[in-house]
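Colleague: Protein sequence lines correspond, in order, to chains A, B and C.
Okay, so the first sequence: first residue is 1 according to the numbering used here, each after it adds one.
Okay, so the second sequence: first residue is 1 according to the numbering used here, each after it adds one.
Okay, so the third sequence: first residue is 1 according to the numbering used here, each after it adds one.
Built from N, CA and C at the ideal position, the CB exists for glycine as well.
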Amino acid sequence: MKFTFLEIIDILGVMAFSISGVFAAMEKRLDIFGVFIIAFVTAMGGGTLRDLILGNTPLFWLTDKTFGWLVFSSALMAIFFRKYLRNFRKTLLLFDSLGLGLFTIAGMQIAMRYGLSATACIALGTITGCFGGILRDITLNKIPIIFEKEIYASACIVGGVVYLLLLKTTLIREVADVISICVVTCIRLLAVRFDVRLPSLYRSQ
Amino acid sequence: MKFTFLEIIDILGVMAFSISGVFAAMEKRLDIFGVFIIAFVTAMGGGTLRDLILGNTPLFWLTDKTFGWLVFSSALMAIFFRKYLRNFRKTLLLFDSLGLGLFTIAGMQIAMRYGLSATACIALGTITGCFGGILRDITLNKIPIIFEKEIYASACIVGGVVYLLLLKTTLIREVADVISICVVTCIRLLAVRFDVRLPSLYRSQ
Amino acid sequence: MKFTFLEIIDILGVMAFSISGVFAAMEKRLDIFGVFIIAFVTAMGGGTLRDLILGNTPLFWLTDKTFGWLVFSSALMAIFFRKYLRNFRKTLLLFDSLGLGLFTIAGMQIAMRYGLSATACIALGTITGCFGGILRDITLNKIPIIFEKEIYASACIVGGVVYLLLLKTTLIREVADVISICVVTCIRLLAVRFDVRLPSLYRSQ
Chain A
1 MKFTFLEIID ILGVMAFSIS GVFAAMEKRL DIFGVFIIAF VTAMGGGTLR
51 DLILGNTPLF WLTDKTFGWL VFSSALMAIF FRKYLRNFRK TLLLFDSLGL
101 GLFTIAGMQI AMRYGLSATA CIALGTITGC FGGILRDITL NKIPIIFEKE
151 IYASACIVGG VVYLLLLKTT LIREVADVIS ICVVTCIRLL AVRFDVRLPS
201 LYRSQ
Chain B
1 MKFTFLEIID ILGVMAFSIS GVFAAMEKRL DIFGVFIIAF VTAMGGGTLR
51 DLILGNTPLF WLTDKTFGWL VFSSALMAIF FRKYLRNFRK TLLLFDSLGL
101 GLFTIAGMQI AMRYGLSATA CIALGTITGC FGGILRDITL NKIPIIFEKE
151 IYASACIVGG VVYLLLLKTT LIREVADVIS ICVVTCIRLL AVRFDVRLPS
201 LYRSQ
Chain C
1 MKFTFLEIID ILGVMAFSIS GVFAAMEKRL DIFGVFIIAF VTAMGGGTLR
51 DLILGNTPLF WLTDKTFGWL VFSSALMAIF FRKYLRNFRK TLLLFDSLGL
101 GLFTIAGMQI AMRYGLSATA CIALGTITGC FGGILRDITL NKIPIIFEKE
151 IYASACIVGG VVYLLLLKTT LIREVADVIS ICVVTCIRLL AVRFDVRLPS
201 LYRSQ
């Protein structure tokens, strides 16, 4: 079995988001079945919306069993190792940010295959990156992370622009992939760490 | 007008979920228009998501008027007979469980037509069965029933496995249908009645 | 650049809903990025669900850049002029009602192209008109406007019936368009102004 680089990014993204789903679900004390559902929703949400938008059906996770098993085993692993983790919130943030970066670039690559414009590629990358987390939070009855004060979708957009610029250089594509993924993930992590926010539209209260 | 057995299951499922939608909406004291919308959302939600996943568009309820009228008349009936019912919650539970069983098996049969794997068939049956109720609860701003403590999607999965096993026996297909529908509905009802829950991941509080 | 009348209706609808999205988002004090997302969700929600139902993919706003820029510039304008407006709620109501009328008729015209029945055309028009606002309110964690006490989807249905009747007269199509749009918008505005409600199913409390 040989994987393309895009497939590897996709697999790592699915694993990262499954794990983030598990921790978000355990924070809300869902039963074991609910934990698996949230893992699946988080990991498949972005790709599902992307493919619905593109009209790319039957959806990939229905025809390709790999994804179901990947979510299942990642979730199982996360559940098993939960005892060794002190801080659910930080683990959740880390894996959420990783998934965000991986899926943004994976989504952009698929958009480019469809010959979409630069703006549309960035939009589709951002949707692929963000929607799993949005769906996870809506399903868990939380205010979606995207509307919290910290930078979220903005990280995808910056990473997307960086990616398109890098592709115009002489860099090998895989290197451009890795750099852009790191850009998205790091912006997100640094924004939370240093509490960076977008400028406010309102007078301070 | 002659119906296939699948069509009969589908019709009964639509009626059951329409009625469950009416009672859920009346519990929240929605106006008459809201009650009809929730009935429609509950009855069509599962099949809609199933067909979006399969790429089976334009959606059935848009091209086939039967479904609209079926929801309308079932909802009207439920509204009319509401005075004779003492316990909205129990009625809601009964019809929700019935719809769950009927739609799970209907969804699986459609998945089998697409030549999907056993796992994918069970997944699609579960989605068809559960999504109407999830959408109903989200729209009514309640925590989706699927995340409540009792067995819900698990009933669909068990029923789906039973169905696939029964199809391998010499049983007539229609008999396998009826048995599996009963399995899903009964598991759901018994789980609520005897308060059966999935094992907890957390230390007791 | 010449536009058809349907395109003009669509453009005005997108602008109206973008603005309504901006005001709804500012009421909840979202950051500037959140405001743009809500504007986009509100303006594109109805058409997106309509096209998903019809299987009309890749979605229009991905392949046609006009829509993205239209939302962006309308939202920017609304943000800029926010200081000159006293009453966010009234402005939100006005633009929401305008968008409702415009999108209902635009949705019906597209449904007619697909040769759908009268009932299906009205249903699709209502969905196109209402779903942007529903999505806006769900994303902002509010109870969807459609379930508030005032007339909302009913206005679309009445307007849809009026539209189909007008098309059977000798009126020019564009005139029928404008009258029906006004019907929807005015019903909605008058219903809020005079607090008209649908008859209640429940004994008064």
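1) Taking 8 Å as the CB-CB cut-off, is B:K209 touching chain C?
2) Of the residues B:K90, B:A118 and B:V35, which one's Cα is nearest the Cα of B:T75?
3) Among C:D31, C:G133, C:F3 and C:I157, whose alpha-carbon lies nearest the alpha-carbon of C:V184?
4) Compare the C-alpha of C:G107 against each of C:L54, C:G21 and C:K142 and name the closest.
5) Determine the DSSP secondary structure at B:R197, reduced to helix, strand or coil.
6) Counting only beta-carbon atoms, is C:I53 nearer than 8 Å to chain B?
7) Specify the secondary structure class of C:C163 as computed by DSSP and reduced to three states.
8) Output yes or no for whether 8 Å exceeds the beta carbon distance between A:A39 and A:G13.
9) Can you list the residues of chain B that A:M26 reaches, using a CB-CB cut of under 8 Å?
10) Apart from the five residues on each side of it in sequence, which residues of its chain come closer than 7 Å, Cβ to Cβ, to A:L6?
11) Suppose you measure from the CA of C:Y152 to the CA of C:C130; what does that come to, to the nearest Å?
12) Should C:T4 be labelled buried (16 or more other beta-carbon atoms within 10 Å of its own) or exposed?
13) Residues of chain A with CB under 9 Å from B:R136, in chain order?
14) For A:E59, which of B:G133, B:S180, B:L124 and B:C182 has the nearest alpha-carbon?
15) Could you spell out the range, first to last residue, of the alpha helix (DSSP H) harbouring C:D51?
16) Rounded to whole angstroms, what's the CA-CA distance from A:T48 to B:S117? Just pull it up for me.
17) Would you say C:V35 reaches chain D, if we count a Cβ-Cβ gap shorter than 8 Å as a contact?
18) Using a Cβ cut-off of 8 Å, which residues of the region 61–78 of chain B contact any Cβ in chain C, in chain order?
19) Between the C-alpha atoms of A:I179 and C:T128, what's the straight-line distance to the nearest angstrom?
20) For chain C, check one thing: does any of its Cβ atoms lie closer than 8 Å to the Cβ of B:Q205?
21) List, in chain order, every chain C residue whose beta-carbon is nearer than 7 Å to that of B:R29.
22) Under a Cβ-count criterion, where at least 16 other Cβ atoms within 10 Å of its own Cβ denotes burial, should C:Y163 be classed as buried or exposed?
23) On a CA-only basis, which of B:K2, B:R136, B:V161 and B:A16 is nearest B:K41? Give me that one, please.
24) How many angstroms separate the CA atom of A:T91 from the CA atom of A:C186?
25) Consult DSSP for B:F3 and reduce its assignment to one of helix, strand or coil.
26) So is A:I127 in contact with chain B if we call contact Cβ pairs under 8 Å?
27) Would you call the CB atoms of A:G160 and A:T139 closer than 8 Å?
28) Thinking C-beta only, is A:S154 closer than 8 Å to A:L198?
Modeller: Let me lay it out:
1) This structure leaves residue 209 of chain B out entirely; chain B is present only between 1 and 205.
2) The sequence shown places Ala at residue 75 of chain B, rather than the Thr named in the question. Across the set B:K90, B:A118 and B:V35, the C-alpha of B:V35 shows the shortest separation from the C-alpha of B:A75.
3) Comparing Cα-Cα distances from C:V184 to each of C:D31, C:G133, C:F3 and C:I157, the minimum goes to C:I157.
4) With distances taken between Cα atoms, C:G107 lies closest to C:L54.
5) Secondary structure at B:R197: strand, using DSSP grouped into helix, strand and coil.
6) C:I53 counts as touching chain B.
7) One detail in the question is off: residue 163 of chain C reads as Tyr in this sequence, not Cys. Note: C:Y163 maps to helix in three-state DSSP.
8) Cβ distance not < 8 Å, so A:A39 and A:G13 don't count as in contact.
9) Against chain B, the beta carbon of A:M26 has neighbours under 8 Å at L201 and Y202, listed in chain order.
10) For A:L6, where only same-chain residues beyond five positions count, the Cβ hits under 7 Å are A106 and Q109.
11) Taking the straight line from one Cα to the other gives about 8 Å.
12) Exposure of C:T4 is indicated by the presence of fewer than 16 other C-beta atoms within 10 angstroms of its C-beta.
13) Within chain A, no C-beta atom comes less than 9 Å from the C-beta of B:R136; the nearest is roughly 14 Å away.
14) Here residue 59 of chain A is Leu; the residue named in the question, Glu, does not match the sequence. The alpha carbon of A:L59 has as its nearest neighbour, out of B:G133, B:S180, B:L124 and B:C182, the alpha carbon of B:L124.
15) Run containing C:D51: I32 to L54, per the alpha helix (DSSP H) assignment.
16) So the two alpha carbons sit approximately 19 Å from each other.
17) Judged by its chain identifiers, the structure shown contains no chain D, and its protein chains are A, B and C.
18) Within the region 61–78 of chain B, the qualifying residues are L62, T63, K65 and G68.
19) So the alpha carbons of these two residues sit roughly 41 Å apart.
20) Because the pLDDT of B:Q205 is 45, which lies under 50, any placement of that residue in the model is unreliable, and the question is left without a value.
21) Going along chain C in sequence order, the residues near B:R29 (Cβ under 7 Å) are Y202.
22) By the neighbour-count rule (16 or more Cβ atoms within 10 Å), C:Y163 is buried.
23) Here residue 41 of chain B is Val; the residue named in the question, Lys, does not match the sequence. Comparing alpha carbon positions, the residue from B:K2, B:R136, B:V161 and B:A16 closest to B:V41 is B:R136.
24) The straight-line gap from Cα to Cα measures roughly 15 Å.
25) Of the three classes helix, strand and coil, the one that applies to B:F3 here is coil, per DSSP.
26) Between A:I127 and chain B, the shortest Cβ-Cβ separation is not below 8 Å.
27) No; because the gap between Cβ atoms is not below 8 Å, this pair is not in contact.
28) Yes. Within cutoff.
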